[in-house]
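These notes are about the structure you will find just below.
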Amino acid sequence: MFERGFITQRYRRFRRGGIVKRNYLILGIASLAVAGALLAQDPPAKTTPKKSASHGAAGSAARGKEVFEKKCTMCHFADSDAKKIGPGLKGISKRGTFTVNGSKVTTESLTTWIENGDAQMPGMKDNLEPAQIKDVVAYVKTL
């Protein structure tokens, strides 16, 4: 049925790795195609981390102190009511009113003041996250 030469030829081809080499070549090309397709995809969208329960409505005075020390101490004293560039903030909640305009010190007024600032103080809503502003307000109320 088969000639001896045909079987010998197939055996030699297999022996030299012709079929095996071809299969590895096909596998390699397929792997490169898959890798190329994966690299061509858009990167996954960044997910916004869920806000933790610790960033509740009140804010954290401990985190607020850290933010205050980084962003506010260049203009405000925390441990004195003396003026630096801006007013010292020690006892601001006990004072009851802002020294600049005499308005009542409340959580809402402190938040608005920090977010919007005034002629001498830059507003911080573009520099701080809302949760950080809440934390700073919580800290300032402890002074």
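Take 33 as the starting number for the sequence shown in the numbering used here and just add one per residue.
A virtual CB, placed ideally from N, CA and C, is assigned to each residue, including glycine.
Within 9 angstroms, strictly: CB atoms of residue i and residue j
i	j	result
A114	G123	no
M153	G128	no
N159	K103	yes
I146	K157	yes
S125	L175	yes
Host alpha helix (DSSP H) of residue i (start-end)
i	result
P162	P162 to V172
I124	I124 to R127
K102	A93 to K103
N148	T139 to N148
Cut-off 7 angstroms between Cβ atoms - residues of its own chain near residue i, not counting five sequence neighbours on either side
i	result
S86	Legend: pLDDT at S86 = 46, less than 50; position of this residue unreliable, value from coordinates given subsequently. If we look at S86 and ignore the five residues flanking it on each side, its Cβ neighbours are S92.
D111	K122
6 angstroms Cβ shell around residue i - same chain, five flanking residues per side excluded
i	result
G96	D167, V168, A170 and Y171
G149	G155
F109	K116 and G120
F100	V168 and Y171
K173	S125
Residues near residue i by beta carbon distance below 8 angstroms, same chain, minus five either side
i	result
T143	I165, K166 and V169
Any non-hydrogen atom of the ligand ZN within 8 angstroms of residue i CB
i	result
L70	Annotation note on the ligand ZN: not contained in the displayed structure, which lists no ligands.
Three-state class that DSSP yields for residue i in the structure shown
i	result
K136	strand
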